[in-house]
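Inspection log for the structure reproduced underneath, given as structure tokens.
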Amino acid sequence: MVQKKALLIDISQCIGCNACQEACKTENHLPPGEEKALSPTAYTALEAHGERYVRRLCQHCDTPTCVSVCPVAAFTKQPEGPVTYDVAKCIGCRYCMQACPFQVPRYEWASTQPRVQKCIFCASRLKRGLPTACAEACPTGATKFGDRESLLQEAMERIFANPAGLVRKIYGRDEVGGTSVFYLSPVPFEELGFNTRLGSAPMPLLTMSALSKVPNVVAVGGVMLAGIWWITHRRGEVARHEGRHPDGGEW
Amino acid sequence: MVKAPRITLQRATAHITLWRGIACIFILAGLVAAIARFKLGLGATTHLSDQFPWGLWIGFDFLGIGLAASGFTIVAAVHIFHAKEYEPIVRPAILTAFIGYLLVVLVLVIDLGRPLNFWHPLVMWNPHSVMFEITWCVILYTTVLSLEFAPIVAEKFRLHAHVAWLHTFSLPFMILGVILSTLHQSSFGSLYLIVPTRLHPFWYSPLLPVLFFISCLASGLSMVIVETLVLSRGRHAILHPRLLAHLGKFIAVILALYLVVRFQDMVARHAFHGMKLLSYHSLAFGAELLIGFVIPLAMLLFERVRSSRRGLYTASLMVLAGFAANRMNTAITGLESWPSQTYFPSILEILITLGIAAIGFAAFSVLANVLPIFEPKPIVHQEEA
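Residue numbers (my numbering), protein chains in the order written: chain A, 5 to 255; chain B, 31 to 415.
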């Protein structure tokens, strides 16, 4: 059974050195240069919130919204955890960008052959048994790579060991049905720009509730419309018949 | 059979009127803008961004689909509910729908980041995606529309005997057309089910598909009234005013139904909680509801309004305007509650949209004159008892 991988990001330990972004750019052949926000050339970026640095990237959700909404299935959730993108399938409809609850995917607007750009969890490195480039590069261990279950365990242990220094919540564990990127924070997550209203139900369930009714609409609608045609058509027949036989026919 | 008039220079230039001139300018400008869009990419020519990946063009698509709803509503009324008195408006409605859907698809392809891959949904499937369902429904429905349209073209070239076989399937096609329309009209609303934390509560609702469907019936029938009134200028009246008045009643009922469903849902979800009366969203919401639903409903309750050409025209235009507002509010305004930037289309986006709209009007104008849209059908198509 494939072990699902995850990242644990402890905001209290991040010193803002940007080694994660540099390593990410090198690994993914993205143009160098420090960027302060996610972009088509930055799969991860440090957002400054006062003295804190919040590292954002794709959450690699367990029930990814992007996978669900893409009309041509260009996104795939790999068994080890990464949500990867197949540009060969992409038609550029940008529904993934509209739908992502974390507003992660970025677009190469400047290109005439634009791609959706987001962290791919170093899927090829994972296949070779290596950690993600960012985790490997982090000097303080603020970003840690590991098995999902053991990282969650460790996160909880850290919270219990340091109740004054860490908020009692692991962001990313339950959001939208669970993700692969967990955050620990010294201050409430709302103060650092996290969306804490997301709830624990995966977003695709919302669409499923509508789409699952399609066969109903077809079947019920078909019978209803055919029935109405038949009943109202009969009136026309009766009218024509009575037109020809004003005394009324049998019965 | 009307003989086509001989083309002379005098006849040709006589047709150059102000509206046609404007349409030509818009079409040319749109063409140039479209070339720029493809040569320079979306970033250089639009105001779309990572925070606003969808803008005017997707909004236009929403609008166009709703206006083209005139097609399936009238086909259902005449051929399924057997309201034969509306038969004369069926062909113009089908023509509108056909042109409308082709234009919507065209705008969609222009909006795509990788338009050459537009055919991918045909072979790459994701049944979990609302966009996938919409794509297929639109493709199938446009096919049904072209099959409903084919006999009209066939008659023009006196080939109607060759397509007579189509009439055997015409009822199943029409039922299929109504079902497909129901599905994708509501699915356009379902597209936004996936963004509950981003779309403003005034517009977000689990009932979005239901609300989109009900409102498309109102806009479809209003479009029928507007078309009929406009096309009846300079011709004998296509439909008796009593029939239009009757449509007005239907629209009133649909509007009332919509308001009840929407308000009930909003109250249940506490959508009005903490609402500021003069905020950006409140004003947009108020304008949409008043202009598109409340005022036309109030107007159409009166026999005097329904029997007056001007009254019907005004009420119908208001419904269409409110419908446009609703779709734009759902697609753009309602998402502008973001802390980050807001969105307004670029000049090129606007020019392309106007150009496409002008093509639609021009196409309708030309085809309505060239094809037997208003002439009675030939005897070959006597309906079987």
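Positions of the beta carbon are idealized from the N, C-alpha and C atoms, including for glycine.
- The Cβ neighbour count for residue 122 of chain A, taken over all protein chains shown within 10 Å, is at least 16; the residue is labelled buried.
- For residue 220 of chain B, the residues of chain A that pass the 8 Å Cβ criterion are 211, 214, 215, in the order they occur in the chain.
- Boundaries of the beta strand (DSSP E) around residue 58 of chain A: 56-60.
- Residue 67 of chain B and residue 140 of chain B do touch by the CB rule: their CB atoms are close to 6 Å apart, below 8 Å.
- In this model, residue 187 of chain B and residue 263 of chain B are separated by some 27 Å (Cα to Cα).
- Among the bridge pairs identified by DSSP, residue 9 of chain A is matched with A:151.
- With a 10 Å radius around the Cβ and a threshold of 16 neighbouring Cβ atoms, residue 294 of chain B comes out exposed.
- In the DSSP assignment, residue 185 of chain A falls within the beta strand (DSSP E) that extends over 185-188.
- Judged by their CB atoms, residue 92 of chain B and residue 218 of chain B are nearer to each other than the 8 Å cut-off.
- With a threshold of 8 Å between beta carbons, residue 72 of chain A makes contact with chain B.
- Against chain B, the CB of residue 87 of chain A has no partner CB under 8 Å away; the residue lies outside that interface.
- Secondary structure note for residue 276 of chain B: its alpha helix (DSSP H) is the uninterrupted segment 271-298.
- Taking 7 Å as the Cβ-Cβ cut-off, the stretch 157-191 of chain B approaches chain A at 158, 159, 160, 161, 162, 163, 165, given in chain order.
- Per DSSP, residue 229 of chain B is not a residue of any alpha helix (DSSP H), being assigned neither H nor E.
- In the three-state DSSP reduction, residue 120 of chain A falls in the strand class (E or B).
- Using a Cβ-Cβ cut-off of 8 Å, residue 176 of chain A does not count as an interface residue toward chain B, since no Cβ of chain B sits closer than that to its own.
- Scanning B:112, B:95, B:50 for the CA closest to the CA of residue 234 of chain A turns up B:112.
- In this structure, the alpha-carbon of residue 84 of chain B lies about 7 Å from that of residue 78 of chain B.
- Taking C-alpha positions only, residue 343 of chain B is separated from residue 272 of chain B by approximately 14 Å.
- Judged by DSSP secondary structure, residue 103 of chain A falls outside any beta strand (DSSP E) and instead within the alpha helix (DSSP H) spanning 99-103.
- The stretch 95-103 of chain B makes contact with the stretch 121-132 of chain B, as at least three CB pairs between them are under 8 Å.
- In this structure, residue 145 of chain A lies away from residue 7 of chain A, with their beta-carbon atoms at least 8 Å apart.
- Listed in chain order, the non-local C-beta contacts of residue 82 of chain A below 7 Å within the same chain comprise 88, 127, local neighbours out to five positions each way being set aside.
- Scanning chain A for C-beta atoms nearer than 9 Å to the C-beta of residue 147 of chain B yields 76, 92, 93, 94, 95, 96, reported in chain order.
- Here the stretch 351-358 of chain B does not lie against the stretch 223-230 of chain B, with fewer than 3 beta-carbon pairs under 8 Å apart.
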